[in-house]
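>
Chains as they are written, first to last, in the working numbering: chain A, 2 to 311; chain B, 10 to 50.
Written as structure tokens, this is what we have:
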């Protein structure tokens, strides 16, 4: 007997389990199996074996992906916390540099390629995802009130620094306009000043300072003239800022006329605020009188006032 | 046997879907990471 009649070699069979998921009709495969003398149950075993293999492969890939994701999340969180730490330490630097970066990114769309799962992909800068929370930017805010003469309608508070006015607007809560100033050292100096007349007393100018000067106080300092006197507002800390080296001092010259009188007798005004102990006031006065800058400024102010009166 | 095969197929579908989801998540995280890195550079 011819052996070729027992074994059919012209069927071009492929029992590769992956082909089960391809376009080969199931019946055709089954027929092929049957023609090889395989029964239906063995075909199902093969199919389930293929499924198990596929399942194993996908599960392994799944595990790998999970590991990659975990690692990526860790890296991202580490980078993010580092960035937050850096921003907390250098708030001003970050503010100015982020503005620069924004303009750069709008011109040049830089992207860093990253290989994920064998596929290369790139991402563009998304500013919103990295927006710094506003509450984290803690700028130093101080408020100073200055009494002016009734006839004086200007919104100028003389504090020794040079300011450049860049805007003015009327607010809802206050009929008098609010003027906006920037320190003339801007953009290197971030300090801004808002000046508006008090709602309660129109003769009082309220100046709000935001930020800290990153430069020394101008040596040719202008001391408050007779029309401007420095006053503090309640809880907000205020510095008379006569000199950058001088200690911070709080003076209240408007609350009562008696304090003004005492000032004429004594160089050191008596502060009525219960929050400041007398010992502290004396210490501040001592340190102020020792400061040559302060003395020079005081002499200049007094002589200027005398000349003005003459 | 019929049941076990269909179970396997279901399981395979589930794991494949999970795989896809994981890939998408990984892409998002990578994108965020790159954004942050760009921001720092």
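C-beta atoms are modelled at their ideal positions from N, C-alpha and C, and glycine is treated no differently.
(1) Could you name the residues that DSSP lists as bridge partners for residue 168 of chain A?
(2) Kindly say whether residue 49 of chain A, judged by its beta-carbon, lies nearer than 8 Å to any beta-carbon of chain B.
(3) Would you check if the distance between the CB atom of residue 192 of chain A and the CB atom of residue 210 of chain A is smaller than 8 Å?
(4) Could you tell me if residue 149 of chain A is buried or exposed, where buried requires 16 or more neighbouring beta carbons within 10 angstroms of its beta carbon?
(5) Between which two residues does the beta strand (DSSP E) holding residue 209 of chain A run?
(6) Within 8 Å (strictly less), CB to CB, does residue 19 of chain B reach chain A?
(7) So residue 163 of chain A is in the beta strand (DSSP E); what residue range does that whole segment cover?
(8) Does the CB of residue 27 of chain B have a neighbour CB from chain A at under 8 Å?
(9) Considering only the alpha carbon of each residue, which of A:190, A:81, A:204 lies closest to residue 42 of chain B?
(10) So, under 8 Å CB-CB, residue 77 of chain A and residue 38 of chain B are touching, yes? Tell me the CB distance rounded to an integer number of Å.
(11) Is residue 144 of chain A helix, strand or coil when you go by DSSP?
(12) When DSSP labels each residue in this structure, what does residue 198 of chain A get in the three-state scheme?
(13) Cβ closer than 7 Å: which chain B residues qualify as neighbours of residue 62 of chain A?
(14) Can you give the beta carbon distance from residue 171 of chain A to residue 158 of chain A, rounded, assuming they're within the 8 Å contact cut?
(15) Residue 34 of chain B to residue 24 of chain B, Cα distance in whole Å?
(16) Considering only C-alpha positions, which residue in the set B:49, B:45, B:50 is nearest to residue 73 of chain A?
(17) Going by DSSP, what residues sit across from residue 193 of chain A in a beta bridge?
(18) Report yes if the C-beta distance between residue 47 of chain A and residue 28 of chain B is below 8 Å; otherwise report no.
In short:
(1) Beta-bridge partners of residue 168 of chain A (DSSP): A:181.
(2) Chain B has a Cβ within less than 8 Å of the Cβ of residue 49 of chain A.
(3) Closer than 8 Å, so yes.
(4) Result: buried.
(5) Run containing residue 209 of chain A: 205-211, per the beta strand (DSSP E) assignment.
(6) False, the Cβ-Cβ gap to chain A never drops below 8 Å.
(7) No residue range can be given for residue 163 of chain A, since it is assigned to no beta strand (DSSP E) and is classified by DSSP as neither H nor E.
(8) Yes - at least one Cβ of chain A is within 8 Å of the one on residue 27 of chain B.
(9) Out of A:190, A:81, A:204, A:81 has the C-alpha closest to the C-alpha of residue 42 of chain B.
(10) Cβ atoms of residue 77 of chain A and residue 38 of chain B come within 8 Å of each other, at about 6 Å.
(11) Three-state result, residue 144 of chain A: strand.
(12) DSSP places residue 198 of chain A in strand when its eight states are reduced to three.
(13) Residues of chain B passing the Cβ test: 28.
(14) Rounded, the Cβ-Cβ distance is 19 Å, inconsistent with contact.
(15) Cα atoms of residue 34 of chain B and residue 24 of chain B: separation of roughly 15 Å, rounded to the nearest angstrom.
(16) The residue with the shortest Cα to Cα distance from residue 73 of chain A is B:45.
(17) According to the DSSP secondary-structure assignment, residue 193 of chain A is paired through a beta bridge with A:183, A:211.
(18) No, the Cβ-Cβ distance between residue 47 of chain A and residue 28 of chain B is not below 8 Å.
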